[in-house]
Amino acid sequence: MAKVENRTLREIMTKDVATVTLKDNVYEVACKMRDWNVGVIPVVDEKDDVIGVITDRDIVIRGLAEKHEGSTATEVVMTRDIVLGQPSMTVDEAAKIMAQHQIRRLPVVENGKLVGIVALGDMAIRQVHHDEASDALQQISEPAPH
């Protein structure tokens, strides 16, 4: 096992990740979130390239609050402008990117294909770069300017 300072996302990421496609609707995404006990699901295209994510917050803000029904297409509520990580990226690099973009979860791709996802909690739970994870969480938790 690598020293803590040299840990990569490949070593700490969750590899078994649920995905949805543009053919799925919001109801199906919500059921998958419930079944997998997750708050974010990557959206992939027909080639399995990551094209976005859909979060529980997306469903509430862009779905329910906009009076969309469960049959609404995933693409209506998903987030397309996403930040992606690479498996070889260090935990420190990922924590800095997550803090900069105020995100709690980072899909990890290799050649455009999803290979895992890392959450800020993964960094803290596994006691990897605790200071960086704490700093990132503090920056992410700050209210965004309106």
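Going by the working numbering, the final residue of the sequence shown carries number 177, and the count climbs one at a time with no gaps. In this text, a Cβ means the ideal position worked out from N, Cα and C, and glycines have one as well.
Stretch-stretch touch, CB-based, cutoff 8 Å, three pairs: the segment 40 to 53 with the segment 136 to 147 = yes
Could you have a look at ASN142 and say whether DSSP puts it in helix, strand or coil?
-> If you number the sequence shown from 1, residue 142 lands on position 111. ASN142 falls in the coil class under three-state DSSP.
Provide the residue(s) that pair with GLY147 in DSSP beta bridges, ordered along the chain.
-> Position 116 of the sequence shown, counted from the start, is the residue given in the question as residue 147. BP columns for GLY147 point to VAL139.
Between the C-alpha atoms of LYS144 and VAL81, what's the straight-line distance to the nearest angstrom?
-> Numbered from 1 along the sequence shown, position 113 holds the residue referred to as residue 144. Numbered from 1 along the sequence shown, position 50 holds the residue referred to as residue 81. Going from the Cα of LYS144 to the Cα of VAL81 covers about 6 Å.
Should the segment 96 to 109 be called in touch with the segment 122 to 131, which here means at least 3 C-beta pairs below 8 Å?
-> no
Is the shortest distance between the beta-carbon of VAL48 and the beta-carbons of chain B less than 8 Å?
-> Among the chains in the structure shown there is no chain B, since it carries only a single protein chain.
Best match in VAL146, GLU124 and THR50 for proximity to THR86 [C-alpha to C-alpha] | Within the sequence shown, residue 86 is the residue found at index 55, counting from 1. Among VAL146, GLU124 and THR50, the Cα nearest to that of THR86 belongs to THR50.
Figure out for me which residue from GLU106, ASP66, ILE134 and GLY94 has the closest Cα to the Cα of ILE113.
-> For this step, residue 113 is matched to residue 82 along the sequence shown. Nearest of GLU106, ASP66, ILE134 and GLY94 to ILE113, Cα basis: ILE134.
Cβ of VAL60 within 8 Å of Cβ of THR105?
-> Counting from 1 along the sequence shown, the entry for residue 60 is found at position 29. Counting from 1 along the sequence shown, the entry for residue 105 is found at position 74. It is a contact, given that the beta carbons lie within the stated cut-off.
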